[in-house]
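First the structure, in the form of structure tokens, and then the observations on it.
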Amino acid sequence: MSLTPEELARTVAAIASVQAADGHIAWVPGGKADPWNMVEAAMALDVGGRHEAAARAYAWLRDRQLPHGGWYSYYVGDEVVDRTLDTNVTAYLATGVWHHFLCNDDDAFLRDMWPVVEAVVEHVLEFQAPSGEIAWRADDPADGALLTGSSSVHLSLRCALAVASRLGHVRPDWELSLGLLATAIVERPAAFLDKSRWAMDWYYPILGGVLRGDEAVRRIDDGWDTFVVDGLGVRCVSDRPWITAAETCELVMALDAIGETERARALLGWVQFLRHDDGSYWCGMNFEGERFNAPGQYFTADQPTWNSAAVVLAAHALDGEGPAAGLFRGETLPPLSLSGQWRTMPRSI
């Protein structure tokens, strides 16, 4: 077992302690919040059985959705501090809504959130190019597309289709867009901005459900020595000696999704050196140069809620029970009837 139930409960409690009375979840007490990471934190609350608290986070987002369907990138309380419109940040709401349903079997919640999810998807797909990729900035689509962002949107679109199917809605246009997006990710790497230094560009096509089977394993093997430091975890950036909990635990979930359980468990065990006394996790550890045999320095010097949430979700994927544990494996998501040719079929439904 990667984390004991008591350890997991302490981490979830640390996340819950940051949640404001109005439901929003900042990175740290009194700090900024963004929709993507708020959803990640809410998902961890659901894993920990704090369903009402998670629902309050989703209600906060519902009540602040912009008329076009998105959200701004950063808030401090109700104050907008960054007006960038990030398509992936917006799309992730659909992943969280489906995850909350899997944890609660609450059709009333789905019905309440359906207009929000529908508006999210319609907004995000406005920025899909004919070649399939999705611009990362809705406020400046000419800035290009990101492989990590588009891969995450792929998962969110599948979750939105799951919500639609559960409620009896048919959205073939969404399925066609999903197929185009998967094609771009697999076959058109030049369509995306070059962020190959970042670990997320390495594993997100797997975490987002696009790559499976031998192709996914080859991708992992090809980047392993570049990004993984044995005994510690994953570098956020290939040429920087900075190990981060979130990237490590996202890779854990990507590995679990393709059956690489042994490597996934090893990584989750290694990253426990970032665990704080209260159960939260330091964002990461900087080391001097390439010296990983000497003490490093915590960086950033805090324990963001989304960072701890990634640990919770990784542990749940490996050892959890119930349908939500298989979300990143593609379980519970509907078959890809129009886009299934793109190596994205889940292991089971």
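In our numbering, the protein residues as written are 119 to 467.
Just so you know, even glycine gets a beta-carbon here, dropped at the ideal spot from N, CA and C.
Measuring only the C-alpha atoms, how far is Ala134 from Asp332?
Along the sequence shown, read from residue 1 onward, the residue named residue 134 stands at position 16. Along the sequence shown, read from residue 1 onward, the residue named residue 332 stands at position 214. Taking the straight line joining both Cα atoms gives about 39 Å.
Beta-carbon proximity of Trp189 to Asp140, cut-off 8 Å:
Position 71 of the sequence shown holds residue 189. Position 22 of the sequence shown holds residue 140. In this structure, Trp189 lies away from Asp140, with their beta-carbon atoms at least 8 Å apart.
Identify, in the order they occur along the chain, each residue of the same chain with its Cβ nearer than 6 Å to the Cβ of Ala131, setting aside the five sequence neighbours on each side.
On the sequence shown, position 13 is the one that residue 131 refers to. Counting only Cβ-Cβ distances below 6 Å, and skipping sequence neighbours, we find nothing.
Alpha carbons only, please: which of Ala363, Asp152, Glu293 and Ala309 is nearest the one belonging to Val430?
Reading the sequence shown from its first residue, position 312 is the one you call residue 430. Of the residues Ala363, Asp152, Glu293 and Ala309, the one whose Cα lies closest to the Cα of Val430 is Ala363.
Within 10 angstroms of its Cβ, does Asp396 collect 16 or more other Cβ (buried), or is it exposed?
Residue numbering aside, residue 396 sits at position 278 when the sequence shown is read from its first letter. So Asp396 ends up on the exposed side.
For Gly349 and Trp232, the rounded distance between their alpha carbons
To locate residue 232, count along the sequence shown from 1; it is residue 114. To locate residue 349, count along the sequence shown from 1; it is residue 231. Cα-Cα distance, rounded: 43 Å.
What's the C-alpha gap between His142 and Ala151?
Translated into positions along the sequence shown, residue 142 becomes position 24. Translated into positions along the sequence shown, residue 151 becomes position 33. For the pair His142 and Ala151, the Cα-to-Cα distance works out to about 8 Å.
If you follow the alpha helix (DSSP H) that Asp340 is in, where does it begin and where does it stop?
As a position in the sequence shown, residue 340 is number 222, starting the count at 1. Gly331 to Phe345 is the extent of the alpha helix (DSSP H) around Asp340.
Every unbroken beta strand (DSSP E) inside the region 266 to 302 [3 residues or more]:
Secondary structure remark: continuous beta strand (DSSP E) runs of at least 3 residues inside the region 266 to 302: none found.
Span of the alpha helix (DSSP H), counted from its first residue to its last, around Val352
For the purposes of this step, residue 352 is identified with residue 234 of the sequence shown, where counting begins at 1. Going by DSSP, Val352 is part of no alpha helix (DSSP H) but of the beta strand (DSSP E) stretching over Gly351 to Arg353.
How many Å lie between Ala412 and Phe405 at the Cα?
Within the sequence shown, residue 412 is the residue found at index 294, counting from 1. Within the sequence shown, residue 405 is the residue found at index 287, counting from 1. Approximately 8 Å, taken between the alpha carbons.
Residue nearest to Val281 in terms of C-alpha spacing, selected from Ala372, Asp164, Pro147 and Leu228:
Position 163 of the sequence shown, counted from the start, is the residue given in the question as residue 281. With distances taken between Cα atoms, Val281 lies closest to Leu228.
State the beta-bridge partners of Trp517 as determined by DSSP.
Residue 517 lies beyond the residue range present for the chain, which begins at 119 and ends at 467; the question has no answer from this structure.
Tell me which residues share the same chain as Arg128 and place their Cβ nearer than 6 Å to its Cβ, disregarding the 5 neighbours each side in the sequence.
On the sequence shown, position 10 is the one that residue 128 refers to. Non-local C-beta neighbours of Arg128 in its own chain, meaning closer than 6 Å and more than five positions away in sequence, comprise Gly397, ordered along the chain.
Alpha carbons only, please: which of Trp360, Ser270 and Thr379 is nearest the one belonging to Ile252?
Counting from one through the sequence shown, the residue named residue 252 turns up at place 134. Cα-wise, what sits closest to Ile252 is Ser270.
Tell me where the beta strand (DSSP E) around Val199 begins and ends.
As a first step, residue 199 must be located in the sequence shown, where it is residue number 81. Annotation for Val199: the continuous beta strand (DSSP E) segment containing it runs Glu197 to Asp200.
Out of curiosity, what's the CA-to-CA distance linking Phe245 and Ala256?
Position 127 of the sequence shown holds residue 245. Position 138 of the sequence shown holds residue 256. Each residue's alpha carbon lies about 7 Å from the other.
Quick one: what's got a C-beta closer than 7 Å to Glu240's C-beta in the same chain, skipping five residues either side?
Residue 240 sits at position 122 when you count from the first residue of the sequence shown. Gly187, listed in sequence order.
For Gln415, list the residues DSSP reports as bridge partners.
To locate residue 415, count along the sequence shown from 1; it is residue 297. Bridge pairing for Gln415: Asn404 [DSSP].
Burial state of Pro153, where buried means 16 or more other Cβ atoms lie within 10 Å:
Translated into positions along the sequence shown, residue 153 becomes position 35. With 16 or more other Cβ atoms within 10 Å, it is buried.
Glu305, buried or exposed, once every other Cβ within 10 Å from all chains shown has been counted against 16:
Your numbering for residue 305 matches position 187 in the sequence shown. So Glu305 counts as exposed.
First and last residue of the uninterrupted beta strand (DSSP E) at Tyr88:
In the structure displayed, the chain extends from 119 to 467; residue 88 sits before or after that span and is not available.
Measure how close the beta-carbons of Ile324 and Ile361 come, nearest whole angstrom, since I'm counting them as under 8 Å.
One-based indexing of the sequence shown puts residue 324 at position 206. One-based indexing of the sequence shown puts residue 361 at position 243. The Cβ separation is near 20 Å, so there is no contact.
Rounded to a whole number of angstroms, what is the C-alpha to C-alpha distance between Gly195 and Asp258?
Residue mapping note: residue 195 aligns to position 77 of the sequence shown, counting from 1. Residue mapping note: residue 258 aligns to position 140 of the sequence shown, counting from 1. Using only the alpha carbons, I get a separation of about 25 Å.
Buried versus exposed call for Met403 [16 or more other C-beta atoms within 10 Å across all chains shown]:
One-based indexing of the sequence shown puts residue 403 at position 285. Classification for Met403: buried.
To the nearest angstrom, how far is the alpha carbon of Thr344 from that of Tyr416?
To locate residue 344, count along the sequence shown from 1; it is residue 226. To locate residue 416, count along the sequence shown from 1; it is residue 298. Approximately 22 Å between the Cα atoms of the pair.
Should Asp87 and Leu294 be called a contact, given that it needs their Cβ atoms to be closer than 8 Å?
Given that the chain is displayed from residue 119 to residue 467, the structure contains no residue 87 and the question cannot be resolved.
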